[in-house]
Amino acid sequence: MPRKKKIQRIKRTKDIYEKPKKLGRPFLYMSDEQQEAISMQKCLSYWCLATPVILDGKAFSFNDHEYLVDIYDSDKNIEIYQKAAQMGFSTRVILESLHKCKYLYPNGVLYLFPSKTDVTDFSKSKFARLMQENPILQLWIKDTDSANIKGIGDGFFYFRGMRSRSGMKTIPVDLIIFDEYDEHMPTSGKETKLYASSELVLERLSHSRFKHQRYLSTPTLPDFGINLLYQASDQKHYFIKCQHCNTLTCLEEEFVAAEGQEQKVLYYSKVIGKVIVACKKCGKELPPIGHREGNWIPKRTDKNLTSGWWISQLHSAYISSVNLLEQYEIHILRTRKPTTGKPNPQEFWNSKIGHPWVSASARLAVEQIRACCSDHQLQNYDSGPCAMGVDQGNDLHVVIISLRFQKPTMLYIGILKDWEELDYYMKAFSVNCCVVDALPETRNAKGFASRFPGKVFINYYIDSKKGDYSWNESESIVQENRTESLDESHMWITDKEIILPASGIFEVEEFIKHCHNVAKKLIEDETSGSKRYVYVRLGVDHFRHSFNYACIAATRVLRFGSGVSEVQINSTMRSAESDWG
Ligand SMILES: [Zn+2]
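Be aware that the sequence shown starts at 1, since it is given in the working numbering, and climbs by one per residue.
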């Protein structure tokens, strides 16, 4: 019989109750009891181990959760956790909250969830269980009437839904936790006002001398929510040392780099006869969880960066390598049939690998938009018929599409300051229909519409509306479903139904950027639980919306005619084509 190689469990210093070393000189002159008391107060991991806190019937330990040791002890003002599902982060932030409420914070902690239902579930299950298992923590909690407020030490521990504006105003706190952060995010700049925005929430920290923030979430889209925060952080990656060749492997990084191909770091080894997690260099098996020598290494080292962490289920003791590989084969490689439902790559990358992902059809790629570019320059006038779209914010973002060619052709992209300037462009381009965003300056939009009756329409998105756009001439209003209209203009680009000016022009490059900055995301309705797609912003996206309005305007011109006869369109089209080649 082959002799089994004995694997030594790596002893984490934390597991043998070593006192924190960072407490400085005064420590030398203290009695053991004093030192013990200070260690308990100052060091979260030490407190959890020495108490010990009971979790799911067992004494707190870092066994099988090696990656959490440094995460427990990192205490920067802003900590960002981009993580796979079920990796122990909620527990980390709850324990930190209780510990700091007791020993440090004068005001307390605000724990934020995306919705009210989440708050109730959490308070009833996770928090209640923790209290039941830990009589010592029960002693800390002062009675309060509400299930969502607990008095601890000098302060309070509040649980709130992000979208409840009311509960937010009067609470001063020292730490704010955003759980499932990606679900908190407003989908567009203008919707921010509907939710309790992050700014409003962060104001709660203004009277605190700590101003601590914790953001945790499985990522959803790239450049969005938790991923945006992680990108701006020091980007810590978790590396495992190979016992055969000493190479450090970051499993997450290797896994993502090999998207769609056979994985080198997770495969079925014929030699060993099982699925293994392997070293990126020599391909040999890495030590199993509980025996891994891991190191967190930041990708960026500038001094003022926030602290960010990324971890996947490749380090979870509860998910087997066999299962992960199977999921990869089902959802990404598609070499294996799912037992139920369809392959869901989004879910795999987000929940299993903690990696943001968007399907090619849900976000316009820069190359796709560029492929619509012709070689004509921006124009200053046109004989029409033309359609115009205006997105309003601090400035007016305007695009104008001429409809006198074989395909709709964009002639103008620009940013204007004053509403009166729009009048000039209406005339210079013989605009037949213009759609303008109703918010935030509805009065200005109405004034503009009143100067061009029958031509300028104020846009209101109506979620419940499906199908055709409704034009109301008497009130100069157009209404439609936001997602449907954005789908439509999205397809103008994917199907090359629009001709854009030459790339390289400053305004065109801005236009391309803005169009790349929105993506379609599946969101769940808080009350009904029904799911629907919405386009969310991943960066500055004004021209994407001007383009959408221009497309809406263009459908009206194309459908109801423009007052310009077919013959005229054809002849002017030929002359214009010869102008620009
Ligand atoms: Zn190796």
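A virtual CB, placed ideally from N, CA and C, is assigned to each residue, including glycine.
Secondary structure of Glu326 (DSSP, three-state): helix. By a beta-carbon distance limit of 8 Å, Leu538 contacts Asn517. Their separation comes to about 5 Å. Non-local beta-carbon contacts of Ser74 in its own chain, meaning distances under 6 Å to residues more than five positions away in sequence, involve Ser307 in chain order. In the structure shown, Asn444 adopts helical secondary structure according to DSSP, grouped into three states. It is roughly 31 Å from the alpha-carbon of Trp310 to the alpha-carbon of Lys150. Looking only at Pro222, Ser312 and Leu110, the smallest Cα-Cα distance to Asp179 is reached by Leu110.
Chain-ordered, the residues whose CB falls short of 6 Å from any heavy atom of ligand 1 come out as Cys242, His244, Cys245, Thr247, Cys279, Lys281, Cys282 and Lys284. Residue burial is scored here from C-beta neighbours: Cys282 has fewer than 16 other C-beta atoms within 10 angstroms and is therefore classed as exposed.
Ranked by how close their Cα comes to the Cα of Cys373, the residues Asp182, Leu411, Ser351 and Cys43 have Leu411 in first place. When Trp471, Asp418, Ser464 and Lys465 are compared, the shortest CA-CA separation from Ala445 is found for Asp418. With a cut-off of 8 Å on Cβ pairs, the region 87-104 is in contact with the region 208-221, counting three or more such pairs. Ala360 counts as exposed, since fewer than 16 other C-beta atoms from the protein chains shown sit within 10 angstroms of its C-beta. For Phe457, DSSP records a beta bridge to Val435.
Comparing C-alpha distances from Leu378 to each of Arg532, Met131 and Glu509 shows the shortest one belongs to Glu509. Secondary-structure assignment with DSSP links Thr249 through a beta bridge to Ile240. It is roughly 48 Å from the alpha-carbon of Glu347 to the alpha-carbon of Phe452. Taking every protein chain shown into account, the CB of Arg160 has 16 or more other CB atoms within 10 angstroms, so this residue is buried. Cβ-Cβ distances below 6 Å link Trp140 to Lys102 and Ile152 in the same chain, with the five nearest sequence neighbours on each side left out; the list follows chain order. Between the region 277-295 and the region 239-254, the count of Cβ pairs shorter than 8 Å is three or higher; the stretches touch. Runs of alpha helix (DSSP H) with 4 or more residues, each lying fully within the region 87-121, are found at 89-103, listed in chain order. The Cβ atoms of Val173 and Gly108 lie closer than 8 Å to each other. Listed in chain order, the non-local C-beta contacts of Gln392 below 8 Å within the same chain comprise Val436, Asp437, Leu439, Pro440, Glu441, Asn444 and Ala445, local neighbours out to five positions each way being set aside. For Trp310, the enclosing beta strand (DSSP E) stretches over residues Ser307 to Ile311. Taking 8 Å as the cut-off, the beta carbon of Thr218 is found no closer than this to the beta carbon of Ser31. The beta carbon of Ile353 sits closer than 8 Å to those of Ala84, Glu252, Phe255, Val256, Ser312, Gln313 and Leu314, all from its chain and outside the five residues before and after it, given in chain order. DSSP places Tyr549 in the helix class (H, G or I) of the three-state scheme. Going by beta carbons, Arg214 and Glu79 fall inside the 8 Å limit. Judged by DSSP secondary structure, Tyr267 falls outside any alpha helix (DSSP H) and instead within the beta strand (DSSP E) spanning Leu266 to Ser269. Per DSSP, Gln213 is one residue of the beta strand (DSSP E) stretching across His212 to Ser217. Ile413 is positioned such that its CB atom lies no closer than 8 Å to that of Ile512.
When DSSP reads this structure, Thr409 sits in a beta bridge with Ser402 and Ile499. Shown here, Gly161 sits in a strand according to DSSP, grouped into three states. Between the region 112-119 and the region 335-345, the count of Cβ pairs shorter than 8 Å is below three; the stretches do not touch. Secondary structure at Gly225: helix, using DSSP grouped into helix, strand and coil. Around the beta carbon of Phe560, fewer than 16 other beta carbons lie within 10 angstroms, which makes this residue exposed.
For the pair Tyr328 and Gly294, the CB atoms are not nearer than the 8 Å cut-off.
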